[in-house]
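In my numbering, the protein residues as written are 106 to 285.
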């Protein structure tokens, strides 16, 4: 039977793709980034999808991916920051894997994202700062995020520190103890 997927989700700017890739390398497993897969399938960037079809179309593409990955396959998956806001998406991904939610102090997230302009949900309103936008987005999603069982703080931590914590927890969940 295939291993349960290791699913990395979390707030924007917390390192989902970076951590996911490193986890896949460490485990020797395949890796799939949901945002990259949506771009590949759509043949357009995420900002183009939002502009041409709207957020609803993008969320439908995410939901389809979640259903495709609702069975254990032994992959590391990195979702978008809004993927697991949907209860149906969370349930599908949990059916096939263990979910880990990455978070960080919002001031650190703002520093990490400074200068990025390709995130449709982070477009600032006149007079709004990036930190204010992040706080608004966090408040809108926090209740849904709280439904995700395993949280990992990435604030001020190295990639390897975060990876080690996730691997340790994953192995415990799989009944493997902390063996390497």
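Ideal Cβ placement from N, Cα and C applies to all residues, glycine included.
Q.
Give me the residue from 139, 193, 212, 276 with the minimum Cα distance to residue 249.
A. 193
Q: Kindly give me the distance between the Cβ atoms of residue 264 and residue 124, rounded to whole angstroms, as I take these residues to be in contact under 8 Å.
A: 6 Å
**Q.** Own chain partners of residue 228 with C-beta closer than 7 Å, once the 5 adjacent residues on each side are dropped
**A.** Hits under 7 Å: none found.
Q) CA-CA distance, residue 108 and residue 115? A) 22 Å
Q) Excluding sequence positions up to five away, which residues of its chain have a Cβ less than 7 Å from the Cβ of residue 278? A) 203
**Q.** Reference residue 262; option with closest CA among 148, 199, 242, 209
**A.** The shortest Cα separation from residue 262 among 148, 199, 242, 209 belongs to 209.
(Q) For residue 187, which residues in the same chain have their Cβ closer than 8 Å to its Cβ, ignoring the five residues on either side in sequence? (A) 164, 167, 226, 246
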